[in-house]
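Residue numbers for the sequence shown follow the numbering used here, beginning at 2 and rising by one. Quick reminder that beta carbons are idealized off the backbone N, C-alpha and C, glycines included.
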Amino acid sequence: MILSGKTVMISGVGPGMGRKLALLAAAEGAKVAIGSLPSEQAFIDGVAAEVKAAGGECIAVGCDVTDQAQCHAFAAATIEAFGTIDGLVNSAYVHGGWDLFEDADLDVWRRAFEVTFWGALHMTKAVLPEMKRRRAGAVVNISTQGTVRALPRQGDYACAKAALNAATRTCARELGEYGIRFVATRMGRLWGVPYQVAMAERAKQQGITLDQLLDGVRAGIALGVIPPDEECAKGVVMFLSDYASMITGAGIDINGGEYMSP
2 MILSGKTVMI SGVGPGMGRK LALLAAAEGA KVAIGSLPSE QAFIDGVAAE
52 VKAAGGECIA VGCDVTDQAQ CHAFAAATIE AFGTIDGLVN SAYVHGGWDL
102 FEDADLDVWR RAFEVTFWGA LHMTKAVLPE MKRRRAGAVV NISTQGTVRA
152 LPRQGDYACA KAALNAATRT CARELGEYGI RFVATRMGRL WGVPYQVAMA
202 ERAKQQGITL DQLLDGVRAG IALGVIPPDE ECAKGVVMFL SDYASMITGA
252 GIDINGGEYM SP
């Protein structure tokens, strides 16, 4: 188990990769602290119950990452429950209105930055004292292939993630002396419940079958497969582990090679 003896925090846990990541991290030996908006407390309590039913240890903490005090309270609750913090996964995000830039409401863009970028910085600030004290830690920032591919109607999300990529490198350079590593994982499409629901609705709107729609999607992915949530979660777990002890400041594509698509 590659996370044996470690404690991992995950922000923004939802029904997609966040849930799969919590279950996988626990299966790999980590004690897990998961967070989501306070309004989603019942959901993350359910995920924590799943982790415990599988033999793991998990706490669920309501946390709005745009509120620095809540982020610090999340970190404090993790230390109180498990004694320390070894890893943090910043996965909370907001995807805006899917408008072209010309038509976009820039307040929507600001909201994307508030959650996706500033929220990650709030969480990182909250865990730094404990990681610096231990002179060890790993922070994985969930990013997107949209920072290397110009994807129409995704500018707010891509720009917020691009800022997060830059912060990943800055923090890696400044905090490496304390043994704290930072990695950004550039995700693409994630084959899980949220994406499956969205694609089924899109196929209906276009008047085609789901298979027809997905065939077109797969054609743009080098591996010919829409990456499953759990496979992408495995990459994140690896970067949290000691197998990645010499990797920091990196941006790594975990998207089946879709980032190479035109």
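Following the DSSP letters along the chain, one finds residue 8 inside the beta strand (DSSP E) bounded by residues 8-11. Remark: fewer than three beta-carbon pairs, one from each stretch, lie closer than 8 Å, so the region 157-168 and the region 221-232 are not flagged as touching.
Unbroken alpha helix (DSSP H) stretches of 4 residues or longer found wholly inside the region 111-188: 120-135 and 156-176, given in chain order. Under DSSP, residue 59 forms a beta bridge with 33.
Using a 10 angstroms sphere on the CB of residue 132, the tally of other CB atoms reaches 16 or more, which defines it as buried. Under the DSSP definition of a beta bridge, residue 91 partners with 142. Taking all protein chains shown into account, residue 260 has 16 or more neighbouring C-beta atoms within 10 Å of its C-beta and is therefore buried.
Within the region 177-262, the beta strand (DSSP E) runs of at least 3 residues that lie entirely inside it are, in chain order, 181-188 and 251-255.
About 19 Å separates the beta carbons of residue 186 and residue 86, which is beyond the 8 Å limit, so they are not a contact pair. Taking all protein chains shown into account, residue 104 has fewer than 16 neighbouring C-beta atoms within 10 Å of its C-beta and is therefore exposed. For residue 52, the enclosing alpha helix (DSSP H) begins and ends at 42-54.
Residue 109 sits in a helix when the DSSP states are folded into three classes. Taking the CA atoms as reference points, residue 112 sits about 8 Å from residue 97. Boundaries of the alpha helix (DSSP H) around residue 75: 69-83.
Less than 8 Å separates the beta-carbon of residue 31 from that of residue 9. Contact annotation: the region 190-200 does not touch the region 147-155, with fewer than three C-beta pairs closer than 8 Å. The beta carbons of residue 241 and residue 4 sit about 6 Å from each other, so the pair counts as a contact at 8 Å. Secondary structure at residue 39: helix, using DSSP grouped into helix, strand and coil.
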